[in-house]
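Participant:
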Amino acid sequence: MDGIDLAVQPGEIFGFLGPNGAGKSTTVRMLTTLLKPSGGRAFVAGYDVFKEAHQVRQAIGVALQDAAIDPLMTGRELLRLQATLHGIPRRKGRAKGEELLETVGLMSAAARRVGTYSGGMRRRLDLALALIHGPQILFLDEPTTGLDPNSRLAVWDEVRKLNREAGTTVFLTTQYMEEADRLAGRIAIIDDGRLVSEGTPAVLKAQVGDPSIHVQLASNEDRISAEAVLLDFGAPAAARSGYVAARLPGGANQMAAVVRALDDAHLPVEAIELHMPSLDDVFQVATGHRLEGAEDDAVAEPGAGEVAAEK
Amino acid sequence: MNTAAAAAAQYLALSRRAMFGTLRKPTSFVPSLLFPLMFLALTSSSLERSISIEGFPEVDSFLQFAVATAVIQGVIFGSISAGSGMAEDIEGGFFERLIASPVARTSILAGRLAGTAALGFCQAWIYFAVTSIFGLSVEGGLAGMLAVAIVAAALAAGVGSISVALAIKTGSAEATEGSFPLFFALLFLSSAYFPRSLMEGWFKAAATLNPMSYLLESLRSIVVAELSALNFFTALGIALGVLVVGLAVASALLKRRLAMDA
Numbered sequence: 075m076d077g078i079d080l081a082v083q084p085g086e087i088f089g090f091l092g093p094n095g096a097g098k099s100t101t102v103r104m105l106t107t108l109l110k111p112s113g114g115r116a117f118v119a120g121y122d123v124f125k126e127a128h129q130v131r132q133a134i135g136v137a138l139q140d141a142a143i144d145p146l147m148t149g150r151e152l153l154r155l156q157a158t159l160h161g162i163p164r165r166k167g168r169a170k171g172e173e174l175l176e177t178v179g180l181m182s183a184a185a186r187r188v189g190t191y192s193g194g195m196r197r198r199l200d201l202a203l204a205l206i207h208g209p210q211i212l213f214l215d216e217p218t219t220g221l222d223p224n225s226r227l228a229v230w231d232e233v234r235k236l237n238r239e240a241g242t243t244v245f246l247t248t249q250y251m252e253e254a255d256r257l258a259g260r261i262a263i264i265d266d267g268r269l270v271s272e273g274t275p276a277v278l279k280a281q282v283g284d285p286s287i288h289v290q291l292a293s294n295e296d297r298i299s300a301e302a303v304l305l306d307f308g309a310p311a312a313a314r315s316g317y318v319a320a321r322l323p324g325g326a327n328q329m330a331a332v333v334r335a336l337d338d339a340h341l342p343v344e345a346i347e348l349h350m351p352s353l354d355d356v357f358q359v360a361t362g363h364r365l366e367g368a369e370d371d372a373v374a375e376p377g378a379g380e381v382a383a384e385k
Numbered sequence: 007m008n009t010a011a012a013a014a015a016q017y018l019a020l021s022r023r024a025m026f027g028t029l030r031k032p033t034s035f036v037p038s039l040l041f042p043l044m045f046l047a048l049t050s051s052s053l054e055r056s057i058s059i060e061g062f063p064e065v066d067s068f069l070q071f072a073v074a075t076a077v078i079q080g081v082i083f084g085s086i087s088a089g090s091g092m093a094e095d096i097e098g099g100f101f102e103r104l105i106a107s108p109v110a111r112t113s114i115l116a117g118r119l120a121g122t123a124a125l126g127f128c129q130a131w132i133y134f135a136v137t138s139i140f141g142l143s144v145e146g147g148l149a150g151m152l153a154v155a156i157v158a159a160a161l162a163a164g165v166g167s168i169s170v171a172l173a174i175k176t177g178s179a180e181a182t183e184g185s186f187p188l189f190f191a192l193l194f195l196s197s198a199y200f201p202r203s204l205m206e207g208w209f210k211a212a213a214t215l216n217p218m219s220y221l222l223e224s225l226r227s228i229v230v231a232e233l234s235a236l237n238f239f240t241a242l243g244i245a246l247g248v249l250v251v252g253l254a255v256a257s258a259l260l261k262r263r264l265a266m267d268a
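Chains as they are written, first to last, in my numbering: chain G, 75 to 385; chain C, 7 to 268.
(1) Does Arg150(G) come within less than 8 Å of chain C when only Cβ atoms are used?
(2) Would you say the beta carbon of Ile264(G) is closer than 7 Å to some non-hydrogen atom of the ligand FMN?
(3) Buried or exposed for Lys261(C), going by 16 or more other Cβ atoms inside 10 Å?
(4) Exposed or buried, what is His288(G) when buried is set at 16 or more other beta-carbons lying within 10 Å of its beta-carbon?
(5) Do three or more CB pairs link the region 89 to 104 of chain C to the region 210 to 225 of chain C at distances below 8 Å?
(6) Counting only beta-carbon separations shorter than 8 Å, does Gln210(G) have a partner in chain C?
(7) Can you tell which of Ala292(G), Asn327(G) and Arg238(G) has its C-alpha closest to the C-alpha of Gly316(G)?
(8) From the DSSP output, which residues share a beta bridge with His160(G)?
(9) Thinking C-beta only, is Ser138(C) closer than 8 Å to Asp280(C)?
(10) By alpha-carbon positions, which one of Ala313(G), Gly149(G), Ala258(G) and Gly241(G) ends up nearest to Trp230(G)?
(11) Would you verify that the beta carbon of Val178(G) is, or is not, closer than 8 Å to some beta carbon of chain C?
(12) Which same chain residues end up closer than 7 Å to Ala153(C) when comparing Cβ atoms and leaving out the 5 residues on each side of it in sequence?
(13) Terminal residues of the continuous beta strand (DSSP E) containing Ala2(C)?
(14) Between Pro42(C) and chain G, is any beta-carbon pair separated by less than 8 Å?
(15) Restricting to runs no shorter than 4 residues, where is the alpha helix (DSSP H) found entirely within the region 233 to 295 of chain G?
(16) How far does the alpha helix (DSSP H) with Tyr220(C) in it reach, from first residue to last?
(17) In three-state DSSP terms, what is Ala383(G)?
(18) List the whole-angstrom C-beta distance separating Gln70(C) from Val230(C), where the pair is believed to meet the contact cut-off of C-beta under 8 Å.
(19) I want to know whether the region 86 to 93 of chain C touches the region 110 to 123 of chain C - three or more CB-CB distances under 8 Å.
(20) Determine the DSSP secondary structure at Ala378(G), reduced to helix, strand or coil.
(21) Phe213(G) lies in the alpha helix (DSSP H); which residues open and close that run?
(22) Which same chain residues, not among the five before or five after Thr148(G), have their C-beta less than 8 Å away from its C-beta?
(23) State whether the region 97 to 114 of chain C contacts the region 188 to 199 of chain C, with contact taken as three or more CB pairs (one from each stretch) at a distance under 8 Å.
(24) Does Asp144(G) have its Cβ less than 8 Å from a Cβ in chain C?
(25) Does chain C have any CB closer than 8 Å to the CB of Thr243(G)?
(26) In three-state DSSP terms, what is Ala309(G)?
(27) Looking at the secondary structure, which residues open and close the alpha helix (DSSP H) in which Gly91(C) lies?
(28) How about Asp231(G): is its C-beta nearer than 8 Å to some C-beta of chain C?
(29) Whole angstroms is fine: what's the gap from His363(G)'s alpha carbon to Ile264(G)'s?
(30) According to DSSP, what are the bridge partners of Glu54(C)?
(31) Using beta carbons (cut-off 8 Å, strictly below), is Arg131(G) in contact with chain C?
(32) Below 8 Å on the Cβ atoms is my guess for Gly164(C) versus Leu46(C); work out the distance and round it to an integer in Å.
(33) Could you give the uninterrupted runs of the alpha helix (DSSP H) lying entirely in the region 82 to 170 of chain G, keeping only those of 4 residues or more?
(34) Thinking C-beta only, is Arg226(C) closer than 8 Å to Thr214(C)?
(35) Against chain G, which members of the region 163 to 174 of chain C pass a CB distance test of less than 7 Å?
(36) Starting from the Cα of Ala160(C), find the closest Cα among Gly247(C), Phe26(C) and Ser178(C) and give me that residue.
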């Protein structure tokens, strides 16, 4: 870590985005009192993480990268144990455990040993364990790494709900841009132990540039004519094979005009896509290289993703 | 919940976890229970005539002579699981879950050792129950068996603390389980399988220097003769001595590990 300076506001979901080995987990381990830094200071929930570690531990919930769950215990037993470790009275701890099992959809598997759980179930149990004492701040270290898309969506829903309904502050590390984009209100990008960018996803993306329109033509012979039409709307942009592309400062508002112009020019089109600037673009601008695996993390979520139209 | 009540609840919960964790892993628990019984069956049948050798302590049978050895052997082997359980927690990350919670640090160690002690206590009764089927009589009576079980529990915690110390130091279940031959050698170089009065040379010298001999001889006296305060407290004192040393080392190593981690 090299001079990381961060402030997370109460009640926000803060995304800490970076590639493997960037220093995300190291930061979380320091903030959750698991690792002693060689220098600097950090406060969590108003407590010094080194001098007031016990108070910090009472205020936080932690779900680390590899769901560290005893495979020989059942989900219900683990929740009860975790409640006891946090000093919650027996009856209250049991009731809270049952409530969380219901919340994370593990009630039917509660009596099964965790060793028989799937990766997604383990993650959901890990999340429930981190929530047993109603923490002020929840640290989630790559909560969806290795999960299938459905399980990833389920975890996202839980995190949003928790933040919305209980006002829990969430500090989330992820290597998935989409996860940071969809969940976090504010994002910090870390690369090689250094903080390279920080802000809301919208502001960060706006800093990178305008959206771009990508047109797949029915015939490659129309390429030059199509590029000329698009030039009226914005500067040319890099396009993949078979497409022509241009920056579109007005975004979706200009789409209809582009379609009309292409039609007026008698240029048959196969597909039109509007690409909004992504956090990958932000990362690329900030670090000079792309985030490893950036193209592999797309999860279909209703109402999200790029705007596309086919003719 | 007040602090003391919370600490007691944490201690009990971690003890229970340690105990059930061992019982739910029959591959580590069953051999430690069965191997000493098989060894006892083997020695009882093959060495029965040795009890008539001049100088051999007065006993009903070799089974009566060797049952205390089986109890201690079982307890030692079983207690190594305390260390391997701790090492698995470190390897699997559960240890981090524990230290990221506001649990009292002493409960992490004490809880595991209490669970191991409880298993050691039960193991002693299992051995007495099984051997009584084959005609064992304990001269110290029920109180004598209870005394042996108490010493077994203390020794289980003591050996457990040494294996836990190894686990904290190495963080490896494999390395911790590798301590098994050391404990076996300690038992072998004692009067566990034969009375010191019939030993000679370096073996006798080693057995005389080995505190395990005195622990075993004290327990054996409870089985073959009577329950006396001297025998009980000698055995208990040695077991507690092992616990004090093991606990001191394990606590120091835990403190060092926590200081390194957090």
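Beta carbons are placed, not taken as given, at the ideal position from N, Cα and C, and that holds for glycine.
Facilitator: Quick look at the numbers:
(1) Taking a beta-carbon distance threshold of 8 Å, Arg150(G) does not count as an interface residue toward chain C.
(2) In the structure shown, the ligand FMN is absent, as is every other ligand, since no ligand is present at all.
(3) Its Cβ having fewer than 16 others within 10 Å, Lys261(C) is exposed.
(4) Per the 10 Å Cβ criterion, buried.
(5) Counting Cβ pairs under 8 Å, fewer than three are found: no touch.
(6) Chain C, which has no Cβ nearer than 8 Å to the Cβ of Gln210(G), makes this no.
(7) Ranking the options by Cα distance to Gly316(G), first place goes to Ala292(G).
(8) Beta bridge pairing from DSSP links His160(G) with no other residue.
(9) This structure does not reach residue 280(C), given that chain C is present from 7 up to 268, and the question cannot be answered.
(10) Measuring from the Cα of Trp230(G), the nearest candidate turns out to be Ala258(G).
(11) In terms of beta-carbon proximity, Val178(G) stays away from the interface with chain C, with every pair separated by 8 Å or more.
(12) Residues of the same chain with a CB within less than 7 Å of the CB of Ala153(C), apart from the 5 flanking positions on each side, are Gly146, Ile228, Leu233 and Phe238 in chain order.
(13) Not covered by the structure: residue 2(C). The range shown for chain C is 7 to 268.
(14) Between Pro42(C) and chain G, the shortest Cβ-Cβ separation is not below 8 Å.
(15) DSSP runs (the alpha helix (DSSP H)) wholly in the region 233 to 295 of chain G: 251 to 257 and 275 to 282.
(16) Residues Pro217 to Val230.
(17) Note that Ala383(G) has pLDDT 42, beneath the 50 cutoff, so the model's placement of it is unreliable and no number is given.
(18) With a beta-carbon spacing of about 5 Å, Gln70(C) and Val230(C) fall inside the 8 Å limit used to define contacts.
(19) As far as the Cβ criterion goes, the region 86 to 93 of chain C touches the region 110 to 123 of chain C, which means the pair count is three or higher.
(20) A caution first: Ala378(G) carries a pLDDT of 40, below 50, which makes its placement in the model unreliable, though a value can still be read off. Reduced to three states, the DSSP call for Ala378(G) is coil.
(21) Element bounds for Phe213(G): not the alpha helix (DSSP H) but the beta strand (DSSP E), Ile211 to Asp215.
(22) Within its own chain, the residues whose Cβ lies closer than 8 Å to the Cβ of Thr148(G), once the five positions on either side in sequence are excluded, are Ala184, Ala185, Arg186, Arg187 and Val188, listed in chain order.
(23) No: the two stretches stay apart, fewer than three of their Cβ pairs being nearer than 8 Å.
(24) Cβ-Cβ to chain C under 8 Å: yes for Asp144(G).
(25) Chain C contact via Cβ: absent.
(26) Reduced to three states, the DSSP call for Ala309(G) is coil.
(27) Unbroken alpha helix (DSSP H) run through Gly91(C): Phe68 to Gly98.
(28) Chain C contact via Cβ: absent.
(29) Rounded to the nearest angstrom, the two C-alpha atoms are 13 Å apart.
(30) Under DSSP, Glu54(C) takes part in no beta bridge, so it has no partner.
(31) Chain C contact via Cβ: present.
(32) Rounded, the Cβ-Cβ distance is 22 Å, inconsistent with contact.
(33) Taking only runs of at least 4 residues, the alpha helix (DSSP H) segments lying wholly in the region 82 to 170 of chain G are 98 to 105, 127 to 133 and 149 to 159.
(34) For Thr214(C) and Arg226(C), no; Cβs fall outside 8 Å.
(35) So the list is empty, because no residue satisfies the distance condition.
(36) Of the listed residues, the one whose Cα sits closest to Ala160(C) is Gly247(C).
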